[in-house]
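Each remark here refers to the structure printed beneath this line.
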Amino acid sequence: SQQGEEDPQALSIQEGENATMNCSYKTSINNLQWYRQNSGRGLVHLILIRSNEREKHSGRLRVTLDTSKKSSSLLITASRAADTASYFCATDRAGGTSYGKLTFGQGTILTVHP
Amino acid sequence: GAVVSQHPSWVICKSGTSVKIECRSLDFQATTMFWYRQFPKQSLMLMATSNEGSKATYEQGVEKDKFLINHASLTLSTLTVTSAHPEDSSFYICSASWDYINEQFFGPGTRLTVL
Numbered sequence: 003s004q005q006g007e008e009d010p011q012a013l014s015i016q017e018g019e020n021a022t023m024n025c026s027y028k029t030s031i032n033n034l035q036w037y038r039q040n041s042g043r044g045l046v047h048l049i050l051i052r053s054n055e056r057e058k059h060s061g062r063l064r065v066t067l068d069t070s071k072k073s074s075s076l077l078i079t080a081s082r083a084a085d086t087a088s089y090f091c092a093t094d095r096a097g098g099t100s101y102g103k104l105t106f107g108q109g110t111i112l113t114v115h116p
Numbered sequence: 004g005a006v007v008s009q010h011p012s013w014v015i016c017k018s019g020t021s022v023k024i025e026c027r028s029l030d031f032q033a034t035t036m037f038w039y040r041q042f043p044k045q046s047l048m049l050m051a052t053s054n055e056g057s058k059a060t061y062e063q064g065v066e067k068d069k070f071l072i073n074h075a076s077l078t079l080s081t082l083t084v085t086s087a088h089p090e091d092s093s094f095y096i097c098s099a100s101w102d103y104i105n106e107q108f109f110g111p112g113t114r115l116t117v118l
C-alpha cells in the first residue's frame, strides 16, 4: 500500500519562481528520499535525508524532514523549464522485513513555464 | 554515479506469450535489486525484492508464478512476465542497491504492451 501522500498533485509555476512540494507518511522510517521522473522515463535520485536529519541541501534543492509530523518538503529554488517533471517522495520504513524497501508517494507533477 | 540499465526499453507482445526483462548494474555489484511497476500517471508499486543467490520476496498481491524473478549474479536480475495478458501492460522499473541502507539506483524502465 502507498505510505506517502504528496501535495499538491500538480503545481504550475513560472521560471524563476520557487516550487515547494510536500510529502506525508504514516510509519517510522529510516530515511526519506526524493526522486524525479521525466515523462515515460526512469527515476533520478535527488536527495536522501535520514531520520535523524532535519534539513539537507543540494544545489537548488532543499529538503526538510519533520519526523514528529511525519512529513517532508522539497523546495526547488529559482526553477527552470527543465525542472518540469514528476517528483516522488519515497520512504524506507524502519523495522521488520521492510528494511531497504521503498514506498512511494503519489507524486507531484511540476510544470515550469518559460 | 552508479548506472543501472534495463533491456529491452520497450516490448510489444501477443497475449499468452512470456516476456523477459533484464536489469543490470553496470559499474557496481548489487546485493539487492527491486522490481516496480507503474501504471500511467500513477506512482511506483514495489513488486518484489531480489537478493543475489536467493529466492525473491514478493509483495502482497503479486503473483510469484506470473512474475518470475531470477537474480543469478551480483550484476543481473531478470523479471519474466509469464503468459502475459493486456492487464499486465505497464511500465516496469528495476532498481539496484549495494547495501540496501542507502539510495537505490533506478533503471530507465521497460514499457510492456500486451496486445
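Chains A and B are the protein sequences, given in the same order.
For the first sequence, my numbering gives the first residue as 3, with consecutive numbering after it.
For the second sequence, my numbering gives the first residue as 4, with consecutive numbering after it.
Built from N, CA and C at the ideal position, the CB exists for glycine as well.
If you check the CB distance, T22/A and R95/A do not come in under 7 Å.
By alpha-carbon distance to V65/B, the top candidate from F31/B, S28/B, S21/B and V84/B is V84/B. The beta-bridge partner set that DSSP reports for Y95/B consists of R40/B and T113/B. Contact residues of the region 102-113 of chain A toward chain B are G102, K103, L104, T105, F106, G107, Q108, G109 and I111 (C-beta to C-beta distance below 9 Å). Excluding its 5 nearest sequence neighbours in each direction, L49/B has C-beta neighbours in its own chain below 8 Å: F37, W38, Y39 and E62, listed in chain order.
Residues of the same chain with a CB within less than 6 Å of the CB of T79/A, apart from the 5 flanking positions on each side, are N20 and R62 in chain order.
Contiguous beta strand (DSSP E) elements confined to the region 72-102 of chain A occur at 73-78 and 87-95, taking only those with 3 or more residues.
Judged by DSSP in its simplified three-state form, E106/B adopts coil rather than helix or strand.
Taking 7 Å as the threshold, the shortest C-beta distance from P11/B to chain A does not fall below it. With a threshold of 16 other beta carbon atoms within 10 Å, V117/B meets it and is buried. Proximity of L77/A to chain B, defined by a Cβ-Cβ separation below 7 Å, is not satisfied.
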